[in-house]
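S.K.:
There are 4 protein chains.
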Amino acid sequence: MTTRRRTPDATRRSQATRRAILTAALELAGEVGYERLTIEGIAARAGAGKQTIYRWWPSKGAVLFDALLMLSEGQGDESAELPDTGDLEADLKTVLRATVDELNDPRRSEPMRALAVETLLDPALAADFAERLDEPVRQIKLRRLRRAQQAGQLAPDADLDVAVDMIWGPLERRWLHRRGPLTAGFADAVVETALDGLRPR
Amino acid sequence: MTTRRRTPDATRRSQATRRAILTAALELAGEVGYERLTIEGIAARAGAGKQTIYRWWPSKGAVLFDALLMLSEGQGDESAELPDTGDLEADLKTVLRATVDELNDPRRSEPMRALAVETLLDPALAADFAERLDEPVRQIKLRRLRRAQQAGQLAPDADLDVAVDMIWGPLERRWLHRRGPLTAGFADAVVETALDGLRPR
Amino acid sequence: MTTRRRTPDATRRSQATRRAILTAALELAGEVGYERLTIEGIAARAGAGKQTIYRWWPSKGAVLFDALLMLSEGQGDESAELPDTGDLEADLKTVLRATVDELNDPRRSEPMRALAVETLLDPALAADFAERLDEPVRQIKLRRLRRAQQAGQLAPDADLDVAVDMIWGPLERRWLHRRGPLTAGFADAVVETALDGLRPR
Amino acid sequence: MTTRRRTPDATRRSQATRRAILTAALELAGEVGYERLTIEGIAARAGAGKQTIYRWWPSKGAVLFDALLMLSEGQGDESAELPDTGDLEADLKTVLRATVDELNDPRRSEPMRALAVETLLDPALAADFAERLDEPVRQIKLRRLRRAQQAGQLAPDADLDVAVDMIWGPLERRWLHRRGPLTAGFADAVVETALDGLRPR
DNA sequence: ATGTAACCGAGACGGTACGTCCTGTCTTTTA
DNA sequence: TAAAAGACAGGACGTACCGTCTCGGTTACAT
Chain Y
1251 MTTRRRTPDA TRRSQATRRA ILTAALELAG EVGYERLTIE GIAARAGAGK QTIYRWWPSK
1311 GAVLFDALLM LSEGQGDESA ELPDTGDLEA DLKTVLRATV DELNDPRRSE PMRALAVETL
1371 LDPALAADFA ERLDEPVRQI KLRRLRRAQQ AGQLAPDADL DVAVDMIWGP LERRWLHRRG
1431 PLTAGFADAV VETALDGLRP R
Chain F
1251 MTTRRRTPDA TRRSQATRRA ILTAALELAG EVGYERLTIE GIAARAGAGK QTIYRWWPSK
1311 GAVLFDALLM LSEGQGDESA ELPDTGDLEA DLKTVLRATV DELNDPRRSE PMRALAVETL
1371 LDPALAADFA ERLDEPVRQI KLRRLRRAQQ AGQLAPDADL DVAVDMIWGP LERRWLHRRG
1431 PLTAGFADAV VETALDGLRP R
Chain C
1251 MTTRRRTPDA TRRSQATRRA ILTAALELAG EVGYERLTIE GIAARAGAGK QTIYRWWPSK
1311 GAVLFDALLM LSEGQGDESA ELPDTGDLEA DLKTVLRATV DELNDPRRSE PMRALAVETL
1371 LDPALAADFA ERLDEPVRQI KLRRLRRAQQ AGQLAPDADL DVAVDMIWGP LERRWLHRRG
1431 PLTAGFADAV VETALDGLRP R
Chain D
1251 MTTRRRTPDA TRRSQATRRA ILTAALELAG EVGYERLTIE GIAARAGAGK QTIYRWWPSK
1311 GAVLFDALLM LSEGQGDESA ELPDTGDLEA DLKTVLRATV DELNDPRRSE PMRALAVETL
1371 LDPALAADFA ERLDEPVRQI KLRRLRRAQQ AGQLAPDADL DVAVDMIWGP LERRWLHRRG
1431 PLTAGFADAV VETALDGLRP R
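Here the protein sequences line up with chains Y, F, C and D, keeping their order.
Note that the working numbering has the first sequence beginning at 1251, numbered continuously upward.
Note that the working numbering has the second sequence beginning at 1251, numbered continuously upward.
Note that the working numbering has the third sequence beginning at 1251, numbered continuously upward.
Note that the working numbering has the fourth sequence beginning at 1251, numbered continuously upward.
#1: Can you tell me where the alpha helix (DSSP H) holding D/Glu1381 begins and where it ends?
#2: F/Leu1371 versus chain Y: which residues are under 8 Å apart at the beta carbon?
#3: Using 10 angstroms around the beta-carbon of Y/Lys1300, count the other beta-carbons present and answer buried if the total reaches 16, otherwise exposed.
#4: Let's test the definition: count the other Cβ atoms within 10 Å of the Cβ of F/Gly1336 and tell me whether it reaches 16, buried, or not, exposed.
#5: Whose C-beta lies closer than 8 Å to the C-beta of Y/Phe1379 among residues of the same chain, with five residues either side of it excluded?
#6: So with CB distances below 7 Å, who are the chain Y contacts of F/Leu1426?
#7: Residues of chain F with CB closer than 7 Å to the CB of Y/Asp1409, please, in chain order.
#8: Among the residues of its own chain, which have a CB less than 6 Å from the CB of C/Ala1444, if the five just before and after it don't count?
#9: Do we get a CB-CB distance below 8 Å when we pair Y/Arg1256 with the residues of chain F?
#10: List the residues of chain D whose Cβ lies closer than 9 Å to the Cβ of C/Glu1422, in chain order.
#11: With burial defined as no fewer than 16 other Cβ atoms inside 10 Å of the residue's Cβ, what is the status of Y/Gln1265: buried or exposed?
#12: Please report how far the alpha carbon of Y/Gln1389 lies from the alpha carbon of Y/Leu1342, in whole angstroms.
#13: Classify F/Glu1352 as helix, strand or coil using the three-state DSSP reduction.
#14: Could you name the residues of the same chain whose beta carbon sits closer than 6 Å to that of D/Arg1347, not counting the 5 residues immediately before and after it, in chain order?
#15: Counting pairs of beta carbons, one from the region 1270 to 1285 of chain D and one from the region 1350 to 1361 of chain D, are three or more of them closer than 8 Å?
#16: To the nearest angstrom, how far is it from the Cα of C/Arg1254 to the Cα of F/Leu1371?
#17: Consult DSSP for C/Tyr1284 and reduce its assignment to one of helix, strand or coil.
#18: Since I believe Y/Ala1398 is in contact with Y/Leu1392 (beta carbons under 8 Å), could you give me their beta-carbon distance rounded to a whole number of angstroms?
#19: Excluding the five sequence neighbours on either side, which residues of its own chain have a C-beta within less than 8 Å of the C-beta of Y/Ala1413, listed in chain order?
#20: Examine the ligand SAM and report whether any of its heavy atoms sits within less than 7 Å of the Cβ of D/Gly1419.
#21: Would you please verify whether the beta carbon of C/Gly1447 is less than 8 Å from any beta carbon of chain D?
#22: Below 8 Å CB to CB, which residues in the same chain sit around F/Glu1442 once its five sequence neighbours on both sides are set aside?
#23: Cβ closer than 9 Å: which chain C residues qualify as neighbours of D/Asp1404?
#24: How would you write the range of the alpha helix (DSSP H) that D/Gln1403 sits in, first residue to last?
#25: Give the single residue among Y/Asp1411, Y/Asp1355, Y/Ala1374 whose Cα lies nearest to the Cα of Y/Pro1431.
#26: Within 10 Å of its beta-carbon, does D/Ala1439 have 16 or more other beta-carbons around it, so buried, or fewer, so exposed?
#27: Please list, in chain order, the chain C residues whose beta carbon lies closer than 8 Å to that of D/Ala1376.
#28: Just verifying my parser: in three-state terms, what is the DSSP assignment at F/Glu1360?
#29: Measuring only the C-alpha atoms, how far is D/Thr1273 from D/Ala1317?
#30: Please report the distance separating the alpha-carbon of C/Val1367 from that of C/Ser1322.
#31: Taking only beta-carbon positions, decide if D/Gly1413 is within less than 8 Å of chain C.
#32: Buried or exposed for Y/Leu1287, going by 16 or more other Cβ atoms inside 10 Å?
#33: Leaving out five residues before and five after D/Thr1267 in sequence, what residues of the same chain have Cβ atoms less than 8 Å from its Cβ?
#34: Below 8 Å on the Cβ atoms is my contact criterion, and I expect Y/Asp1446 with F/Arg1449 to pass it. Report the Cβ-Cβ distance as a whole number of Å.
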């Protein structure tokens, strides 16, 4: 007696309820942390039925994902670009400092950490996350570096995939593992070291 | 009637039971993943009472932590050093290739991933982990880099803390987030890029 | 954050589950005895979740109480009366012999003993039991005695509350404390002694 | 590999510890009630090891039994007799009024209730209790009635076993089931009714 | 005096059951 | 007919005690 999972009719979806659920998820993630965030808690806070959540999202991670997407609605365009003043080092410092500021704001940072952790545990969510958030952003970074490479500011044989990891990796690592403070100085040091290398010149 | 948490008497501890629990934890973490690893399951597999686990460990993450420590028993000395043939680049490649091999072995890798994720969720466990595993290893890395710096193989003003992140960070990131394959080639590229920098020379 | 005990909605209650739980409770009480009757066992036998039991009953005694009420459903009317042929002594012997038979049937007797013991330990249950079972039955007994008193078959100044205790007490005592066999002869002796008194005439 | 249950050597028994355990059992039975009285609790309060209790007593009921025996030490002689002034009715009233007073003193009454309940659940304890407390007392009662019967104050064919139940049963029932108040008046009424019977004379 | 055998306090251990919490499904009621 | 409300089976949580066991420390008797 297989009760086939019916696909809900998205056109009839209540937008007010959707927003209430996403808002409740964000608030609770910030208040109690991801571990103690529960579907029941979200439903109760949102004044929604549990079934409504199960109808539209496969996991609490997916709810949080949509909640974060809602937050960054509008500014997260596909066609966005990193600043390009011609000075790669200055541009990268500008971008990384902005990231530092964002990660230091707990209101946005806590739900993001929660989601990041969830992607480590849930491969399906990780794939969704990679496709809809991580990869587009990575392409933006790669485009900026490629332009710099064409302008002769980066070594012609530099592996840009490695370069992205090297520039943005340390920051993400410190943030995710709460290892050491996130400061503008750290951002600058990373950019300088990545560009100049560790060997004496 | 406050029933003060009594400190258990470690001298009476059953080593056989301890080993059974740690072994069961490793096996189960490998079999069902960290999310579905339960204290009840560990106790059942180990033939131990739940209370015995609760008596000695504060969380399932702590059990897994001890289990991994047991695995690396003996070789995890404080006085260990990275190889130093005088050729920093070659030495780093050797070390990172070894790490790649280790991380590609699911028997060790899966419980480690599980533990790494848990440190993201449990600050107390994270502190324990940092103190007993991460920081000692980081010091070993720093010592090797410092010797290279003194030998003139690294820039005298290079920030070695940033350097460590830059060399080992990308590997860890790929592993933890399952982003891209872990290969010897990737390890080599990271070492080369970190040492030479991205700018043309 | 006080999580107020929500009152369950009785109209939504599953009658099938309720019956399964009460049946399982009766069976288990008969099989393993009251002491080793557990909520977990009842839930398992009934194929119910533990929470379903905790939602509707405050204690295992209360479950058993309802189970016994279910058993005697229909015949336990408020308006029921003891037989009245005009011969008090014969009627009382009839009633007590029937009680003897009932108490000698372990299928009904064991759960009843279990419940009786539980009322000794749980005042709330005792009150419920007294109100819904014991007192109605006592009123039936009192009505029969009162009619006999009006008919001149009992002394006009006899304390009927004491009389009830004197007629039914010894039987209950032997049963509850397993002191001596329950026989028709014992029932007869009690009735005769209670009516005639101990003094020579 | 049967580890034969060794018989403890009673001559070496620590009397101080025994008293501490019995005292703790009485106190705790009064404080938290029988249900929540635990061997662990008794051991902790007495400053004794759990094994010391298990060595000497088979159940918590047995501990409480010995504790009550300790309380009534000295006055519980085998050769004791009920008062015999020649007036049976007056003597019985005296005895039952004394019992009423005893049962109204919670310090003695509560542990006794606890023990009484336990005998309902534990047949081994019930047998011990019957042999060492109940039966001797019953014999004393029977001896008094027998003397009265020989003196012509009771019907020659009266069943004295039934008589004992009839005289002492109602009091015990009210006490054990907390049904109605225990008063001297009730004691008197029971004695009068039992002696005179319910029929008009 | 010195084994040596027992009791004793202490408490770790494998277990059972507790009562709570949450999951994901299902059903009923509301709008 | 979507959504709220919430009952349900299931199962993990962390706690409390159970009764058994082993460990040293301390009597007390027998060499």
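Glycine residues also receive a C-beta, built at the ideal position from the N, C-alpha and C atoms.
From a predicted model like this one, the values you see are computed outputs, not experimental measurements.
M.R.: So, from the data block:
#1: Taken as a continuous stretch (DSSP letters only), D/Glu1381 belongs to no alpha helix (DSSP H), as it is neither H nor E.
#2: Gly1283, Tyr1284, Glu1285, Val1367
#3: exposed
#4: exposed
#5: Phe1315, Leu1365, Thr1369
#6: Leu1370
#7: Ala1439, Thr1443
#8: Met1416, Ile1417
#9: Its pLDDT being 48, under 50, Y/Arg1256 is placed unreliably in this model, and the value from its coordinates should be taken loosely. Chain F, which has no Cβ nearer than 8 Å to the Cβ of Y/Arg1256, makes this no.
#10: Gly1419, Arg1423
#11: exposed
#12: 15 Å
#13: helix
#14: Ala1434, Ala1437
#15: yes
#16: With a pLDDT of 42 at C/Arg1254, under the threshold of 50, the modelled position of that residue is not reliable, and the figure given next carries that caveat. If you take the alpha carbons of C/Arg1254 and F/Leu1371, they lie about 29 Å apart.
#17: coil
#18: Incorrect: roughly 11 Å between the Cβ atoms, too far for contact.
#19: Leu1395, Leu1404, Ala1444
#20: No copy of the ligand SAM appears in this structure; indeed no ligand is present at all.
#21: yes
#22: Glu1339
#23: One point to set straight first is that residue 1404 of chain D is Leu, not Asp, in the sequence displayed. Within 9 Å Cβ-Cβ: Leu1448, Arg1449, Pro1450.
#24: Here D/Gln1403 belongs to no alpha helix (DSSP H), and DSSP marks it neither H nor E.
#25: Y/Asp1355
#26: buried
#27: His1427, Arg1428
#28: helix
#29: 7 Å
#30: 19 Å
#31: One point to set straight first is that residue 1413 of chain D is Ala, not Gly, in the sequence displayed. At least one chain C Cβ lies under 8 Å of D/Ala1413.
#32: buried
#33: Ala1296, Ala1298, Thr1302
#34: 6 Å
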